[in-house]
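In this note's numbering, the protein residues as written are 150 to 320.
Ideal Cβ positions, reconstructed from N, Cα and C, are used throughout, including at glycine.
Written out below as structure tokens is the structure these notes cover.
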Amino acid sequence: MDEAFRELKREIERALLLMERLGAACAGAPELQGLVRKLVRQTERTDSLMAGSGVAEACAKCARATGSCCFREMGESYGAMQLFANLLLGAEIPRSWDFPKSCYFVGKNGCELKSRHSFCLNYFCPQLIDILGEEKILEIQRQVGEQLLAGWELERTLTRFITSRATPEHP
Ligand code: SF4
Ligand code: SF4
């Protein structure tokens, strides 16, 4: 296990701890719940566009065959706050690394996360560019922009929420 992977494991542990300590409080906070619902709606719209245009199927095939193009450094760039947001959205953080040469979050059916980085959502390999064409790619990118904005709003509000609840024992 190298240092980058150890750091990712620490970020995952922090996210799980935040969920354990604050998950119930977040569920009872109307502003946060509104933002969670907004992000869920946006991820569903993006997922439906990806499924309807053939992206999801092409990427799932890749994932089963090779672990996809999702490289490990991408997974290692996720921090505790975005992983915490994923847990609030109902994502399951993998317990094992299915494809050790790829991103930690890629599973047999593709990405296990629900709220993802811009790069994860905006990358189209040459095969996808052929399948989709320019107009469809622009339509997906517009929708991805809405999802990223909703994700940013949730993470910003979560950061404020966590700071307001910090104690000397749990800074
Ligand atoms: S973007 Fe292209 S290379 Fe990457 S998983 Fe999807 S189909 Fe495969
Ligand atoms: S889409 Fe998911 S599996 Fe792929 S690099 Fe991003 S986080 Fe990893």
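Please state if the CB of residue j and the CB of residue i are separated by a distance shorter than 7 Å.
i	j	result
C211	S217	yes
A229	R163	yes
T224	S264	The sequence as given places Gly at residue 224; Thr does not occur at that position. Contact flag unset, no.
L184	L287	no
N271	V293	yes
Q296	T192	yes
Between residue i and residue j, how many whole angstroms is the CB-CB distance? I'm expecting something under 8 Å.
i	j	result
I311	L167	7 Å
C252	F220	6 Å
L307	F254	Rounded, the Cβ-Cβ distance is 19 Å, inconsistent with contact.
Apart from the five residues on each side of it in sequence, which residues of its chain come closer than 8 Å, Cβ to Cβ, to residue i?
i	result
A200	E206
G256	A212, P243, D247
E314	Reading off the sequence shown, one finds Arg at residue 314, where the question assumed Glu. Closer than 8 Å at the Cβ level, and outside the excluded window around R314, lie L171, A174.
S267	V293, L297
On the CB-based measure, 16 or more other CB atoms within 10 Å of its CB, does residue i come out buried or exposed?
i	result
N235	buried
C274	exposed
Q290	exposed
Between residue i and the rest of its own chain, which residues show a CB-CB distance below 7 Å, the 5 nearest in sequence each way excluded?
i	result
A153	E225
V189	L238
For residue i, I'd like the list of residues in its chain whose CB is within less than 6 Å of its CB, leaving aside the five on either flank, ordered along the chain.
i	result
I280	G203
G177	none
Exercise. With distances taken from each beta carbon to the nearest heavy atom of ligand 2, which residues come in below 6 Å, in chain order?
Worked result: Residues lining ligand 2 by the Cβ criterion, that is a Cβ closer than 6 Å to any of its heavy atoms, are C219, M223, G224, C252, F254, V255, C260, L262, R265, C269 in chain order.
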